[in-house]
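Numbering (this note's numbering), first residue to last: -6 to 245.
For each residue, glycine too, the CB sits at the ideal point set by N, CA and C.
Right, one structure below, let's go through it.
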Amino acid sequence: MRVATFNVNGINSRLGALLQWLDETRPDVACLQELKAPQEKFPEMAIRAAGYHPIWHGQKSWNGVAILARDAEPQGVQRGLPGDDADEQSRYLEAAVNGILVVCLYLPNGNPAPGPKFERLHARAQQLIDTGAPVVMAGDYNVMPTERDVYKPERWLDDALFRPETRAAFAKLVGQGWTDALRATHPDEVIYTFWDYFRDAYGRNAGLRIDHLLLSPALAPHLKAAGVDRDVRGREKPSDHAPTWVDLDWPA
DNA sequence: ATGACTGATGGAATCAGA
């Protein structure tokens, strides 16, 4: 079973690229971020025609997240990160697919630093760990966990994505018992998931690893492989992120 | 230190992204 995450940076302007990638790689679950579309502008028919059952949490102008499930209906849908009734941003979705709880999240950028805190995500993530269920938390975390995950670490030291407190918050999250699937399967490799549109960042491989798939203790033993569909970033009219995925030994 | 590039909004110029 393959679970992927892809910050599409506008689902309607990216629809062709998204459908091509879905057709080529056929992930069983795809978590999407930055839909940049209100609820009623989600291209539901095109997604269904591609063989996927979508749930989504839209928002005008920015944000917006979706979970697409191939040949399966997502169950028990939860919209929004619990713990703050005043939070109206569409950045968090939960649903069960094939017996796995899938979390699709899009964490705030945080700039200008120091930016938002992680408390609410820590609390929810701990609750999910405590259930003992197989969980994958996939999405755009806007955090480079270590120096290996930035093309020029010294230039990012004072940026919210890489400041020590941000990295510490991510490390604390992982320390609850989550497995960073990309890093677990490629301990020493330089892997990026994002390249800025500016100054030919992709051509220079000036990238960041900020899209992550975290596996709960019940799911981590089923991890078989993980990777980045890097070539998608090099196509016409690309998102600035590339799709990132895990393959699980789990019946689809 | 700054700006470069892209999408959404709204119908030009500005904001947000990371």
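Beta-carbon proximity of residue i to residue j, cut-off 7 Å
| i | j | result |
| --- | --- | --- |
| Gly51 | Pro31 | yes |
| Val(-4) | Val239 | yes |
| Tyr134 | Gln26 | no |
| Asp222 | Pro244 | no |
| Tyr190 | Asp233 | yes |
| Gly132 | Thr18 | no |
| Leu74 | Val128 | no |
| Cys97 | Leu86 | yes |
| Thr172 | Val136 | no |
| Ala88 | Ile60 | yes |
| Pro138 | Gly170 | no |
| Arg156 | Ala106 | yes |
| Met(-6) | Asp16 | no |
| Phe35 | Trp14 | no |
| Asp142 | Arg202 | yes |
Beta-carbon contacts of residue i that lie in its chain and below 6 Å, excluding the five residues immediately before and after
| i | result |
| --- | --- |
| Asn104 | Ala153 |
| His215 | Leu241, Asp242, Trp243 |
| Pro150 | Sequence check: residue 150 is Leu here, not Pro. Cβ neighbours of Leu150 beyond the five flanking positions: none. |
| Asn56 | Gln82, Ser83, Arg84 |
| Phe163 | Val136, Pro138 |
| Asn102 | Asn135 |
| Thr124 | none |
| Lys53 | Pro31 |
| Gln68 | Ala89 |
Bounding residues of the beta strand (DSSP E) (the contiguous stretch that carries residue i)
| i | result |
| --- | --- |
| Gly73 | Premise fails: Gly73 is in no beta strand (DSSP E) and is neither H nor E. |
| Glu87 | 85 to 90 |
| Ile48 | 45 to 50 |
| Met130 | 128 to 133 |
| Val60 | Reading off the sequence, residue 60 comes out as Ile, not Val. 58 to 63 is the extent of the beta strand (DSSP E) around Ile60. |
| Gln26 | 22 to 26 |
| Leu121 | Per DSSP, Leu121 belongs to no beta strand (DSSP E); it is in the alpha helix (DSSP H), 112 to 124. |
| Leu94 | 93 to 99 |
Neighbourhood of residue i by C-beta, 7 Å cutoff - its chain only, sequence neighbours within 5 removed
| i | result |
| --- | --- |
| Ala39 | Leu8, Leu12 |
| Trp188 | Ala194, Tyr195, Ala199, Gly200, Arg226, Asp233 |
| Arg228 | Ala10 |
| Arg72 | His50, Leu86 |
| Glu37 | Pro47 |
| Pro109 | Pro101, Gly103 |
One or two residues paired with residue i in a DSSP bridge
| i | result |
| --- | --- |
| Val239 | Val(-4), Ala219 |
| Trp188 | Gly200 |
| Tyr195 | The partner list for Tyr195 (beta bridge, DSSP) is empty, contrary to what the question assumes. |
| Thr172 | Leu208 |
| His179 | His179 pairs with nothing; no bridge assigned. |
N-terminal and C-terminal residue of the alpha helix (DSSP H) that residue i is part of
| i | result |
| --- | --- |
| Gln13 | 8 to 18 |
| Met137 | Segment: none, Met137 is in no alpha helix (DSSP H) and carries neither H nor E. |
| Arg160 | 157 to 167 |
| Arg41 | 37 to 42 |
Residues near residue i in its chain [Cβ-Cβ closer than 8 Å; skip 5 each side]
| i | result |
| --- | --- |
| Ala219 | Ala174, Leu175, Ala177, Thr178, His179, Leu206, Thr237, Trp238, Val239, Asp240 |
| Val167 | Pro138, Asp173, Leu207 |
| Glu140 | Pro146 |
* To do: Could you tell me whether the stretch 140 to 157 touches the stretch 112 to 119, using the rule of 3 or more Cβ pairs below 8 Å?
  => no
* **At least 3 beta-carbon pairs within less than 8 Å: the stretch 35 to 47 vs the stretch 61 to 74** => Short answer: they touch.
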